[in-house]
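Participant: Structure provided below as structure tokens; questions to follow.
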Amino acid sequence: MYRAAVIGLGRMGSTFDDEIQQGGTIFLPYCHAPSYVASPHTELVAGADLHAEQGAIFAERWGLSAQHIYSSYRDMLAAERPDFVSICTTARHRAAIMKDAIEAGVKAIWAEKPITLSLAEADDVIDLGARNGVAIAVNCSRRYSPFLSEARRMAQQGELGELLQITAYTECYISHNGSHAIDTMRYLVDGDVNWVFGEMESDEEAAGDEDLRGNGYLAFDNGVRGYIRAMSTGTAPWEFDLIGTEGRVRSLANGTDTQYYRWVPGGLRDEGLPARAPFPLPLSIQGTGLSVIADLVNAVETGSDPHCSAEDGRKALEIAIALRESHRRGGRRVDLPVDDRSLRILSVEIGGDTVPARVRRLRQEPVVA
Amino acid sequence: MPGKVFRAAVIGLGRMGSTFDDEITRGGQFFMPYCHGPTYVASPHTDLVAGADPHAEQGEIFADRWGLERGQIYADYREMLEAERPDFVSLCTTARHRAAIMIDAINAGVKAIWAEKPFTLSLAEADEVLELGTRKGVAIAVNCSRRYNVFFNQARRMVDEGELGEILQITAYTQCNLSHNGSHAIDAMRYLVGGDVEWVFGEMESDEKAAGEEDLMGNGYLAFDNGARGFIRGTHTGAAPWEFDLIGTEGRVRNLAQGMETQYYRWVPGGLRNQGLPARAPFPLPTHIPSSGLSVIEDLVDCIETGRQPRCSGQDGRKALEIAIAMRESHRQGGRRVDLPLADRSLRILSSEILSDAVPARVRRMQSK
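See below:
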């Protein structure tokens, strides 16, 4: 049993699962605390948050006594010596906290996305984590989705033939939820991005550091091409379309529907046609968070990389930054890696983060008894 | 029934001029009659009075098939224009000579031209034809037949009447050479979106192909003046053969599997967090299904009588060519956005259909048997 602690006791650290009423995109337990409580591999031993309201809710909800709630995460790391630490704070402080956790001797970090704000911060964390042998997973949770994992298995086993195209209709800010979208594209295609072209929502947004929307064209090293639309997507909410020569998988409507098509004989001039077939399910489906923990346990015990590693988190950020660079340069293709490591995107979630979102809501809304 | 019956002639008596419909065993992409000879025979507005082709074999087949006398078949289209004084002329030759023949037909006093695609090889040729056609008041329709396809017409009607909300995205998976069948794909994108392209980004299949003038495959990103964005994949599409996906804020139309299926989705209440979800609804059909070819003739007759532009006009044909060339220019310029219109009018693409056009494809097939 590993000792697990959560830093940042807001929505993702604690109560996000309460909002979810339908499976598909994720299965419960999904967010950090309920996963540590449910996992046979971990015991939830502590939490840390600057805001006392958050700590009180966390302690009550997850059955911790008040002395295991800390306002300083450094005090918590020193006193509790956790093996696993989840980092669910605002992204503004994520890099600093990850470094402190690594130096405090944790074995595994489960970090919210985006991994960091700047490429330099990501470089620092990854370098320090590698030197200290810490397993770092970024919570780009679609890598732990049974449907998308199955799509990737089909791609890897040749069931889709040669992969040609990945299209993502994923309305989002390109660092905040764009980290999900871009990571999922990389995951499904099982390749790396060589260069990108991007168009941002406006010249003004592209010139600044604030998180922003945009579209892009991604050239993968295995020949696949990607198109991402992160501007508004209307009636195509969060959709991934993976197209190969022999088959196709579409994940639709925020992950609530997955379709599989395969090339069969027939059609106009007997050229063949794409017929819909049942989507193959794995033998068991577990909570998304439990899959992350099992993955990290395996990484700790074998030294393997987590399914969604810090490197994956850095690449998602780097691709988002390159899309913006493409726009900044007047609309031209930008090769990866990006040389200027000081580039950053102020992920939209850090807006107003001096007071956590839930605390802001608590102060505004009367509590219904 | 129309009062006047127009005299119609076909120049180029090969597959599209004469027997293409015989290859088609299923509707959807188009409905019969579709190609030129059979359409003139079937239309109440036209009499098929002549054909011209330098290859005697083609002329014989055409005469037999469409019940013309040998005296109505000409080796030289100029003699045919002079002797028969047709009102309508179809241009179904190789694209290599299309501009020159259109100019001769306009100067011979025809009222309407129904031209195969691509419109011309170079932008300068297209400019010259359009300038002359406008001066002489000739109605010129380009056979980008999806504009005369009932499903595309309904989709466009839904756009015009606001049923899809604001149009956000058009995606085309259309494996093709960019001038040859790319003229269909690009034109269909413009038609569905109801807007014009301001700039493009393109990646061609190789640097070598992009440097030359031969027809080529490629992908591109299109920025429309009404805010819609387009993605076209003209490289291999595998299990997604000829597909158009039109996405708006309130509805979505997908035309799949080479036009054999059309799907309609609309935004309805429900879904995760009650944000709504896209539900599939029956695709609305009109009260009757017009034939593709007969629709072109109806359109041209109306243009002759009213002076308006055909639904797929010479300007539309030029724009499809210009967009294809701009995508190639984008690649040639190292991958950067290219604004329309293009300044260099000498640019051209040698449409793949002109390969080996010294002997028509059907004659080659007959000779090889």
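Chains as they are written, first to last, in the UniProt record's numbering: chain V, 1 to 369; chain A, 1 to 369. Backbone N, C-alpha and C fix where the C-beta goes; we use that ideal spot for every residue, glycine too. Small disclaimer: the values here were computed from a predicted structure and weren't measured.
(1) Hey, how far is the Cα of residue 237(V) from the Cα of residue 272(A)?
(2) Which residues in chain V have a C-beta closer than 7 Å to the C-beta of residue 165(A)? List them in chain order.
(3) Is it true that the CB of residue 45(A) sits closer than 8 Å to the CB of residue 164(V)?
(4) Using DSSP with H/G/I as helix, E/B as strand and the rest coil, what is residue 433(V)?
(5) Answer with yes or no whether the minimum CB distance from residue 20(A) to chain V is below 8 Å.
(6) To which residues of the same chain is residue 239(A) closer than 6 Å at the C-beta, ignoring the five residues directly before and after it?
(7) At a CB-CB cut-off below 8 Å, which residues of chain V make contact with residue 236(A)?
(8) Applying the criterion that 16 or more other CB atoms from any shown protein chain within 10 Å of the CB defines a buried residue, is residue 101(A) buried or exposed?
(9) Between residue 289(V) and residue 70(V), is the Cβ-Cβ spacing less than 8 Å?
(10) Just the Cα atoms here: how many angstroms apart are residue 245(V) and residue 262(V)?
(11) What residues of chain C sit near residue 251(A), judged by a beta carbon separation below 7 Å?
(12) Between which residues of its own chain and residue 48(A) is the CB-CB distance below 6 Å, once the five residues before and five after are set aside?
(13) When you compare the CB positions of residue 184(V) and residue 241(V), do they come within less than 8 Å of one another, or not?
(14) Taking a Cβ distance cut-off of 9 Å, strictly less, list which residues of the segment 259 to 275 of chain V are near chain A, in chain order.
(15) Determine, using beta carbons only, whether residue 33(A) and residue 246(A) come nearer to each other than 8 Å.
(16) What does residue 213(V) pair with, by DSSP beta-bridge criteria?
(17) Does the distance from the C-beta atom of residue 351(A) to that of residue 130(A) stay below 8 Å?
(18) Between residue 403(V) and chain A, is any beta-carbon pair separated by less than 8 Å?
(19) Compute the distance between the beta-carbons of residue 191(A) and residue 157(A), then report whether it is under 8 Å.
(20) Taking the alpha carbon of residue 213(V) as the reference point, which residue from 221(V), 198(V), 333(V) has its own alpha carbon closest?
(21) Would you give the residue range spanned by the beta strand (DSSP E) that residue 243(A) belongs to?
(22) Show which residues of chain V have a CB atom less than 9 Å away from the CB atom of residue 260(A).
(23) Within 10 angstroms of the Cβ of residue 337(V), are there 16 or more other Cβ atoms? Answer buried if so, exposed if not.
(24) How far does the alpha helix (DSSP H) with residue 304(A) in it extend, from its first residue to its last?
(25) Helix, strand or coil for residue 168(A)? Go by DSSP, reduced to three states.
(26) How many angstroms separate the CA atom of residue 283(V) from the CA atom of residue 147(V)?
(27) In the structure shown, what three-state DSSP assignment does residue 238(V) receive?
(28) What are the start and end residues of each continuous alpha helix (DSSP H) run of 4 or more residues lying completely inside the segment 97 to 175 of chain V, in chain order?
(29) So residue 205(V) is in the alpha helix (DSSP H); what residue range does that whole segment cover?
(30) Which value, in whole angstroms, describes the spacing of the CA atoms of residue 108(V) and residue 63(V)?
(31) Quick check: what's the CA-CA separation for residue 260(A) versus residue 289(A)?
(32) Does DSSP classify residue 231(V) as helix, strand or coil?
(33) Based on Cα-Cα distance, which residue from 116(A), 127(A), 251(A) lies nearest to residue 170(A)?
(34) Measuring alpha carbon to alpha carbon, tell me which of 333(V), 309(V), 361(V) ends up nearest residue 127(V).
(35) Pick out whichever of 363(V), 188(V), 9(V), 330(V) has its Cα sitting closest to the Cα of residue 222(V).
(36) So which of 99(V), 132(V), 133(V) has the shortest CA-CA distance to residue 120(V)?
Facilitator: Working from what's here:
(1) 11 Å
(2) 234
(3) no
(4) Absent from the model: residue 433(V). The displayed extent of chain V is 1 to 369, so no value can be given.
(5) no
(6) none
(7) 164, 245
(8) buried
(9) no
(10) 9 Å
(11) Protein chains V and A are contained in the structure displayed, whereas chain C is not.
(12) 8, 40, 41, 66
(13) no
(14) 261, 262, 263, 267, 268, 269, 271, 272, 273, 274
(15) no
(16) According to DSSP, which records beta bridges pairwise, residue 213(V) is partnered with nothing at all.
(17) no
(18) Since the first residue shown for chain V is 1 and the last is 369, residue 403(V) is missing from the structure and cannot be characterised.
(19) no
(20) 198(V)
(21) 243 to 248
(22) 267, 268, 273
(23) exposed
(24) 292 to 306
(25) strand
(26) 12 Å
(27) coil
(28) 119 to 132, 146 to 156
(29) 203 to 207
(30) 23 Å
(31) 14 Å
(32) coil
(33) 251(A)
(34) 309(V)
(35) 188(V)
(36) 99(V)
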